[in-house]
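Step one of this worksheet: look at the structure below.
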Amino acid sequence: MSVRDAIIMAMSEEMRRDENVFLMGEDVGIFGGDFGTSVGMLEEFGKERIRDTPISENAISGAAIGAAMTGLRPIVDVTFMDFIVYMMDNIVNQAAKTRYMFGGKGQIPVVFRAAAGGGVGSAAQHSQSLEAWFTHIPGLKVIAPGTPADVKGLLKAAIRDNNPVIFLEYKAQYNMKGEVPLDPDFVLPIGKADIKREGKDVTVVTYGRMLERVMKAAEEVHEAEGVEVEVVDLRTLSPLDKDTVIQSVKKTGKVLLVNDAHKTSGFIGEVAATIAESEAFDYLDGRILRLAGEDVPIPYNQTLETAMIPSVERIRKYILRLVNNR
Amino acid sequence: MSVRDAIIMAMSEEMRRDENVFLMGEDVGIFGGDFGTSVGMLEEFGKERIRDTPISENAISGAAIGAAMTGLRPIVDVTFMDFIVYMMDNIVNQAAKTRYMFGGKGQIPVVFRAAAGGGVGSAAQHSQSLEAWFTHIPGLKVIAPGTPADVKGLLKAAIRDNNPVIFLEYKAQYNMKGEVPLDPDFVLPIGKADIKREGKDVTVVTYGRMLERVMKAAEEVHEAEGVEVEVVDLRTLSPLDKDTVIQSVKKTGKVLLVNDAHKTSGFIGEVAATIAESEAFDYLDGRILRLAGEDVPIPYNQTLETAMIPSVERIRKYILRLVNNR
Amino acid sequence: MAKTSSKKVTDISKEKLLEMHRSMLDIRNFDNKVNRLVKRGVVPGMTHFSIGEEAANVGAVAALEIGSDLITSNHRGHGQSIALGINLNEMMAEIMGKATGTCKGKGGSMHIADLDGGNLGANGIVGGGMGMAIGAALTQKIKKTGKIVVCFFGDGAVNEGTFHETLNMASIWKLPVIFYSINNMYGISTPISSVINIDYNYRRAASYGIPGHFIEDGNDLMAVYNKFEEIVKYVREGNGPVLVESITYRYLGHSTSDPGKYRTKEEVDEWKKKDPILRFEQYLLDNKLVTKKDIEAIEKASEDAVEESVKFALSSPEPTLESAFEDIFAP
Amino acid sequence: MAKTSSKKVTDISKEKLLEMHRSMLDIRNFDNKVNRLVKRGVVPGMTHFSIGEEAANVGAVAALEIGSDLITSNHRGHGQSIALGINLNEMMAEIMGKATGTCKGKGGSMHIADLDGGNLGANGIVGGGMGMAIGAALTQKIKKTGKIVVCFFGDGAVNEGTFHETLNMASIWKLPVIFYSINNMYGISTPISSVINIDYNYRRAASYGIPGHFIEDGNDLMAVYNKFEEIVKYVREGNGPVLVESITYRYLGHSTSDPGKYRTKEEVDEWKKKDPILRFEQYLLDNKLVTKKDIEAIEKASEDAVEESVKFALSSPEPTLESAFEDIFAP
Ligand SMILES: Cc1ncc(C[n+]2csc(CCOP(=O)(O)OP(=O)(O)O)c2C)c(N)n1
Ligand SMILES: Cc1ncc(C[n+]2csc(CCOP(=O)(O)OP(=O)(O)O)c2C)c(N)n1
Ligand SMILES: [Mg+2]
Ligand SMILES: [Mg+2]
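In order, the protein sequence lines correspond to chains D, C, B and W.
Each residue of the first sequence is one higher than the last, beginning at 1 in the numbering used here.
Each residue of the second sequence is one higher than the last, beginning at 1001 in the numbering used here.
Each residue of the third sequence is one higher than the last, beginning at 2001 in the numbering used here.
Each residue of the fourth sequence is one higher than the last, beginning at 3001 in the numbering used here.
Have a look at this one:
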């Protein structure tokens, strides 16, 4: 099943299960979503629950929050994550803080599904991965799965969670295929990393779009040089599963961190800092390496765009550099 | 001279020097700015150049950018940094990327002055330090000085720079006093950290509001225990002066990082990651410690608020912990 | 002194009229008290007072089903909270940052909320409550609760983009929400007349195909109440949103520190002649609904309640340090 | 076939009329070509076509001082760029991501700009150019350049908060800017009639105390041109901003991939009968301004220019990898 279908399945199952759940956003209805992530849902759930909106990101996010405060459970299709800039007040100043400011009263169960990353030739205003911003804000959960099954299990968890969740999807991966449990009770825990591959030589921590490439690189270095890579897939960025990361680094003593977002102040920087201040530091036998998107706006030209994001080849090189202590 | 007066002096000097420079924002005119940072300027420069605006942060930031693209040099008084949420499209998708997207054509010389941090009992929506967001975005410069002199020298540099600059001020420190060069040609370089105190035992890297506390803590541990702290004041966060940080850490082998922003995905995490992936890593003889604002929305109660931000005492404790290798 | 409009006097019970009067007095006394506490340094932080704007607040809230209908408010929310019947002790404790406060001392003046009482909260962001208001209204419409939402904001907020987006969305979805702009003529130091190119903002209702109402004398409690009764009925009947604007004035500065150079003492004094409380008192007396003595008794009761709230707040414990780490996430 | 409005024909030089025709042809041919290249996989990324909307674009731009006045545009910016006289070779190279492109291959279709030619750039964010437009207008006003700015956007953009904020700010500062909404009746799949609660957005001008103009037939080049001439004059004389709306239609899908389920083939065909180019051609012939032969020559010249641009683009080098790291900051 594709990521796209896993998303549709997750939302549809939750909407069948709970009449308070509904989807809103620009062109989610007859158009089926900018990325086809709600194709067919209008037919099943009708206009009230597959709710087309004006192009008004502020009102969309605000209405979602107000609806969530009063008993509904909205899912917002942000479409391109870049457009979330217009939702920042509602997400950061309102949704994240309201319960706290009110001394623990009220709750805001809302999911913002945002299509992150480049890879489709849409240039600098349609290619950003802005997850780090949201991990900086207490009161938000941030999820970035990298397989169709994790997408399904975590999107369902996000919808059932009673807090605002930023849910990253990757526009380059909507067609990515994988096994997906059909069980409507298949829900994954938020806040748990997943060891996608066990290994003793080196730890690679990643999430989201980069998981696929990391897995491929791990496979390649294993086949070519017998290196055993442990791949820690964070899946949830906030709250971060520090334990799993630290345990793995303690085991291997070497760590590479990979994300597609810009390197500077990207989320893997936080992971690096977390390792460097933890007990795992004492087990490190090499620098904590980062491989991330370049610090440039994403260029339109596809050769350049491709070069701005970690490739399987560069991930492989970095793994070998670590293993060979260069 | 106070920070407030240093700001007024910097802006006034630059406005006298270049007729294209002007100030715009809510209540900058007769009110003299929410924090008094333009008191008296209306009288000297008139309404056209000390430009009161409607409460329209999107239009303010957009107009500033458009004016900057076409030959003016606006300074925007954002007032509380928390309100910058309404400016995110203009700053992140427009100002930061336009020159790049246009293949190097055009420039956007605009300064966004934002009052960051808590300390004045204004609760969660008026106390944030959001600098990390902007350091994540290529195309922006981010400056956060911690003394009145640096405020003057760097604000003038920001105004003269041909790129969008996010300039942090700290609402708790507008009254902080210090020597300020009166020379209208006193301009400091953007992108250069400053060693505010030399020492051989331990490096503390900080910026902005926390500098004052770090200096005090350094003084105290020196007097009490003879510990020689090297204080690296970043001053500019983007571009980061990695060299100065790395050299200092190589010298001392121990490093503590301090900022007032929330810890998770705060800017000192990026500094930690930078150290951990650099040659300085090989010189470390202890974990890279971080001391930052807690990961909670800033509470209203002032005792709680105070406890959420690193105190001199906690900074001192962390320094001693590092020095004593605990 | 300007008169209170006496239309419909017979429709309203004496009890209700006295409640409204008491509400206005509570707002006035509460805020005067807080102001003194700020000056004495007992209350920290930024506080925005509703003094002078009592009628504009109470008249609107009184037309609602209190305890059932919903409101969102802004930084200047004391008036609305009190009108909606919040527990004054807890509100005062909140403003002093105490553990017994409405928000356990974590929110303060700008974040007073009373979810059970229908108050979805004050807001420190200008326009910050408008999205929530339409979302809350969407819930009422979908769940067919019959409840309506009043979204309070100032004159300055009308130039925020969120005003436009939320009014438009509410209009196309015919949501049961009243957008209520309390026009006190200034946003901090900025006269509203200098930041819009029309006379009054209520006319912008036309952009959304919804009714726009104007309450020229927002210091006339009965004028506010009567207009709101009519509007509340219209909205509750499912006709969609309405934009209302009332004119009033704040006696004090924008916030606790405000040199006030942007307006003259004469202007302030002129407005004090139109005081909403004195006028309503006169109205009650003129209509023989109360005696001077009754009035004094109500005044006394209100003052006592405020004193009581101060005592409660002062004797309440500070929140514990641990509590700062609680309440971020819902279970 | 609907007629072109013939008002003021005598006021316009034949040369200018032919230029406008050529401009429309260039847009049509250019976009048809790009569409074919997209289908063949030669052009990557998202592209939005102006086919069907040629008159709405060219009529507006032709009323400007080309090379002096300024515009901002949106994602559907090909029409405006070409009308303003951009170098077609460089534009085609940009869309192919080549080093010789308008933006060195870094911007692509959604970021075509021509700062020297007065085009401050297309924009991938709906409403993203509106702030820039008023800022550019502020510069013109402060520097007394006599230039004006036209801010292009779609019907869907009118519900963004930035629309409200920028129109309001422009109105209070009386900035020389024309807000021009090209209403092609849909924002992606969403009919404008379903997302506003009034008939036409131009009426919202009243909220800002500025004139609102309606061009009911935006496929009538002369109607667009005549209206714009009048508006340009008004704005250039310092009377402040204006909101204009024209009705037109896009023949193709929203972007390169669009199943188009939200509208019928009949609707599209109906609009094709009102084709702006065929109508203007007829007008030129009817007024004996050209012969069939002239028309054919212009058509040929336009096609050749587009072919030429493709050749230029195809034979242009890819940008170097290093170039990706350049041009972030101005020196
Ligand atoms: C987004 C945002 N911008 C600016 C401010 C600062 N601010 C607080 S209150 C205020 C004025 C609001 O004026 P108005 O809406 O008329 O309300 P009033 O204070 O007059 O009751 C401003 C500018 C803010 N809190 N939020
Ligand atoms: C802020 C933002 N929201 C959503 C989008 C996605 N989007 C691109 S074009 C478009 C429709 C725009 O409609 P309209 O303004 O009518 O222009 P048209 O495409 O019809 O020319 C949408 C929703 C975007 N690019 N930016
Ligand atoms: Mg006001
Ligand atoms: Mg459209």
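Think of the CB as a built atom: it goes at the ideal place given N, C-alpha and C, for glycine as much as any other residue.
6 Å Cβ shell around residue i - same chain, five flanking residues per side excluded
| i | result |
| --- | --- |
| C:Met1176 | Val1003 |
| B:His2075 | His2048, Met2110 and Gly2124 |
| C:Arg1073 | Asn1020, Val1021 and Pro1109 |
Where the beta strand (DSSP E) through residue i begins and ends
| i | result |
| --- | --- |
| B:Leu2167 | Premise fails: B:Leu2167 lies in the alpha helix (DSSP H), Gly2161 to Ile2172, not in any beta strand (DSSP E). |
| C:Pro1074 | Arg1073 to Phe1080 |
| D:Val205 | Val202 to Thr206 |
| W:Gly3238 | It is not in any beta strand (DSSP E) - W:Gly3238 carries neither H nor E in the DSSP assignment. |
| C:Asp1194 | Asp1194 to Arg1197 |
| W:Lys3144 | That residue, W:Lys3144, is in no beta strand (DSSP E); it is neither H nor E in DSSP. |
| D:Ile50 | Ile50 to Asp52 |
| B:Asp2294 | It is not in any beta strand (DSSP E) - B:Asp2294 instead sits in the alpha helix (DSSP H) that spans Lys2292 to Leu2314. |
| C:Asn1259 | Val1255 to His1262 |
| C:Phe1022 | Val1021 to Gly1025 |
| C:Ala1010 | Looking at the DSSP string, C:Ala1010 is not in any beta strand (DSSP E); the run it does join, the alpha helix (DSSP H), is Val1003 to Arg1017. |
Beta-carbon neighbours of residue i, restricted to chain D and to distances below 8 Å
| i | result |
| --- | --- |
| C:Asn1325 | By Cβ distance, chain D contributes nothing, its closest Cβ being about 11 Å from C:Asn1325, past 8 Å. |
Cutoff 7 Å; reference residue i; Cβ partners in own chain excluding five residues on either side
| i | result |
| --- | --- |
| W:Leu3037 | Val3043 |
| B:Asp2114 | Ser2081, Leu2084, Ile2086 and Thr2102 |
Within 9 Å, strictly: CB atoms of residue i and residue j
| i | j | result |
| --- | --- | --- |
| C:Arg1213 | C:Ser1129 | no |
| D:Pro299 | W:Lys3106 | yes |
| D:Val312 | D:Ala217 | yes |
| C:Ile1055 | B:Ala2157 | yes |
| W:Gly3128 | C:Ala1059 | no |
| D:Ala292 | D:Val258 | yes |
| B:Gly2121 | B:Gly2067 | no |
| B:Ile2188 | C:Phe1112 | no |
| D:Lys192 | D:Thr244 | yes |
| D:Ala96 | D:Ile137 | yes |
| D:Val180 | D:Lys156 | no |
Chain W contact residues for residue i, given Cβ-Cβ distances below 8 Å
| i | result |
| --- | --- |
| C:Arg1099 | Asp3327, Ile3328, Phe3329 and Ala3330 |
| D:Met1 | In chain order: nothing, as chain W lies at least about 21 Å away. |
| B:Val2195 | Asn3168 and Ile3172 |
Contacts that residue i makes with chain B (C-beta to C-beta distance below 9 Å)
| i | result |
| --- | --- |
| C:Glu1043 | Under the 9 Å cutoff, chain B gives no residues; its nearest Cβ is about 12 Å from C:Glu1043. |
| C:Ser1038 | Those within 9 Å of C:Ser1038 in chain B number zero; the least Cβ separation is about 12 Å. |
| C:Ile1121 | The question names Ile, but residue 1121 of chain C is Gly in the sequence shown. In chain order: Val2043, Pro2044, Gly2045, Met2046, Gly2097 and Gly2108. |
| C:Asn1058 | Glu2160 and Gly2161 |
Beta-carbon neighbours of residue i, restricted to chain C and to distances below 7 Å
| i | result |
| --- | --- |
| D:Asn93 | Asp1082, Val1085 and Gln1125 |
Host alpha helix (DSSP H) of residue i (start-end)
| i | result |
| --- | --- |
| W:Asp3026 | Lys3014 to Lys3039 |
| W:Leu3284 | Pro3276 to Asp3286 |
Rounded distance between the beta-carbons of residue j and residue i, thought under 8 Å
| i | j | result |
| --- | --- | --- |
| D:Val323 | D:Val255 | Contact flag wrong, Cβ pair sits at about 11 Å. |
| B:Met2024 | B:Pro2276 | 6 Å |
| C:Phe1195 | C:Val1231 | According to the sequence shown, residue 1195 of chain C is Ile rather than Phe. That belief holds up - the Cβ atoms of C:Ile1195 and C:Val1231 are roughly 7 Å apart, short of 8 Å. |
| C:Thr1135 | C:Ser1012 | Not quite, the Cβ-Cβ distance comes to about 29 Å (not below 8 Å), so this is no contact. |
Within chain B, the residues that residue i reaches when beta carbons sit closer than 7 Å
| i | result |
| --- | --- |
| C:Thr1303 | Glu2318 |
Neighbourhood of residue i by C-beta distance below 8 Å, restricted to the same chain and skipping five residues each side
| i | result |
| --- | --- |
| B:Asn2183 | Gly2154, Asp2155, Ile2192, Tyr2200, Asn2201, Gly2218, Glu2245, Ser2246, Ile2247 and Thr2248 |
| W:Pro3176 | Ala3137, Gln3140, Lys3141, Lys3147, Ile3148, Val3149, Val3235, Arg3236, Gly3238, Gly3240 and Pro3241 |
Contacts of residue i in chain W (Cβ-Cβ under 9 Å)
| i | result |
| --- | --- |
| D:Met308 | Ala3324 |
Within chain B, partners of residue i - CB distance below 8 Å
| i | result |
| --- | --- |
| D:Thr53 | Met2169 |
Interface residues of chain D facing residue i [CB-CB closer than 9 Å]
| i | result |
| --- | --- |
| C:Pro1164 | Near C:Pro1164 there are no residues of chain D at all, since even the closest Cβ is about 13 Å away, more than 9 Å. |
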